[in-house]
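In case it helps, our numbering puts the sequence shown at residues 4 to 419.
Working notes, structure below.
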Amino acid sequence: MGKIQRVPIFHFLLVTALFCGTLAQFYYYFVSIPFSMHGVDFTVTWRACRQFIGGQPVYLEPFHLEGPDGWEVFKYPQFLLLFFAWLSLFPLPVAEMLWKLLMLCSLLALGGISIRFVLFALGGGAERNTGASPSKHFSILRHALLAVGVLFALSTFSPLSWSLQLGQPGPLLALILMAAWVSLEKRREQQAGVWLACGAWIKILPGLLFIPAGLRRRWKIFRGAVFVTICYLVVLLILGRLSDEWYYFSRVLPSISYQTRGVSHSLTQGLMFFFGVSVEAPAEKYVTTQRLITLCFLAIYTLVLGGAARMKASPQELYEIALAGLPVITPVLEGHHFVILWPLWVSQFRQLIASQRFGLGEIVPIFAWIPIFLVTSFHHLFPAAHMAFLPSFASAVLWLISILKLKAWAPAYAPR
């Protein structure tokens, strides 16, 4: 008879503690805390849904402020309204509950995809590449520990909880970007294009993730994106909403960075703050300086991706660099916008566990994530301007790490 192995009590207690901590975190940050900031963000979405169903212009709401961040105009394309306009059929309190429930379901789906993403590489990937049995290296308990660890990280990822508290679609956007990452890894490029297009039409910034696809001539990704875009525009044409969409791109979108300057802490704004261009500066000077810096960042962003493509980087590496650079180049950045980095966090966690190396390249990203977690979790404790910009500079460090890591790991992808 074989020797019976005892379950390590430490691992069992750790799994139990993490699971209990995850439940507590989810309840406190995602369930018990109501919408904050006067519910401005979701209230605007709900009002836009009513105007959308009622055939009224979505973006022609008077520009007036309620506090520093209450520019009460719907700030996104109408893509989101196509799927959630039915919420306007309910009173605002009921609609808020339904929206929160839908975002919680998105979080659960995000947790499930993230767990499979981590365990697939550590289990199935190891079995294919080395011929070893996954159970030989990772016991069931260790798989449980990793799964609960991912869920615990999800529950403590403060940009997600902040996004939920503001009534933002951040959890849904994180789910879509994670699905795109998984599709790229499985080489389902057309499916990845569909997900990326959905993310870009929810919030414009993820549209920059098509740059690496164009540099590598991954036309299947564009097929999926074009399919989604054509369907979306045809629906708007049938509904008579194309004029509203044009108004958004010509009038609303160019105004967002200036109208939200009081709550944005992007790297662009940090550099403007450093060079003495404050939020009280004349509108023309502020907008001109901001657009100039943003264009410079966009040029650097494209050149970096072009260099990575010439180095024959894998689609996953290009996607990682492109995703990590989004918070760096955007002119508008609030704490909840960091939800787009969740796939990057999961990927780095998976690489750390798979390599079992704890060198400088693995430790530095951990410290780079700390300001993002701290400042977005306890933003009321960081009122000073230079402290509020810490997550922006931390995201620049994460982007730099993803670039340097490409150079260090390039030989691993050379043909054998």
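Note that CB positions come from ideal geometry on N, CA and C, so glycine has one too.
Around L21, the same chain offers V151, G152, F155 as residues with beta carbons nearer than 7 Å, after the five sequence neighbours per side are excluded. Pairing F300 with T271 gives a Cβ-Cβ distance under 8 Å. If you draw a straight line from the Cα of M275 to the Cα of G196, it is about 35 Å long. At least 8 Å separates the beta-carbon of P215 from that of L110. Sixteen is the threshold: when 16 or more other Cβ atoms of the shown chains lie within 10 Å of the Cβ of T46, as they do, the residue is buried.
Between G217 and the set L308, A147, F82, Y235, the nearest pair of CA atoms involves L308.
When Cβ pairs closer than 8 Å are counted between the two stretches, the segment 284-296 is seen not to touch the segment 182-190, the count staying below three.
Straight across, the Cα-Cα distance linking I118 with W184 is about 13 Å. Here F29 carries a helix assignment [DSSP, helix/strand/coil].
At a Cβ-Cβ threshold of 8 Å, Y30 and K206 do not count as neighbours.
Taking C-beta atoms under 8 Å as the contact rule, L199 and A325 fail to qualify, at a distance of about 10 Å.
Assignment of beta strand (DSSP E) within the segment 213-269, counting only whole runs of 3 or more residues, yields no such run.
Taking all protein chains shown into account, I303 has fewer than 16 neighbouring C-beta atoms within 10 Å of its C-beta and is therefore exposed. In the DSSP assignment, M314 falls outside any alpha helix (DSSP H) and carries neither an H nor an E.
When C-beta atoms of the segment 168-177 are compared with those of the segment 333-351, three or more pairs fall below 8 Å, so the two segments count as touching. With respect to Y235, Y62 sits apart: the two C-beta atoms are not nearer than 8 Å.
CA-CA distance, R221 to T333, rounds to 25 Å. Here DSSP, grouped into helix, strand and coil, assigns L16 to helix.
When the beta-carbon positions are compared, Q193 and R226 come within less than 8 Å of each other. For R119, the enclosing alpha helix (DSSP H) covers residues 95-123. Inclusion of L401 and P368 in the CB contact set at 8 Å is warranted, their separation being smaller than that value. Residue S398 holds the alpha-carbon nearest to the alpha-carbon of F370 among S398, L295, V266.
Contact check for G114 and L157: beta-carbon distance about 5 Å, within the 8 Å limit, so the pair qualifies. The criterion of a C-beta distance shorter than 8 Å is not satisfied by G338 and T297. Comparing alpha-carbon positions, the option among R145, F123, F82 lying closest to T19 turns out to be R145. If you draw a 10 Å sphere on the C-beta of S91, you find 16 or more other C-beta atoms in it, and that means buried. Comparing C-alpha distances from G273 to each of V331, F352, P96, L104 shows the shortest one belongs to V331.
Comparing alpha carbon positions, the residue from A228, C108, D247, R219 closest to L178 is C108.
For Q168, the closest of A147, K103, W204, A327 by C-alpha to C-alpha distance is K103.
Taking all protein chains in view, the Cβ of M106 is crowded by 16 or more other Cβ atoms within 10 Å, so the residue is classified as buried.
Per the coordinates, the alpha-carbon of W204 lies some 20 Å from the alpha-carbon of E75.
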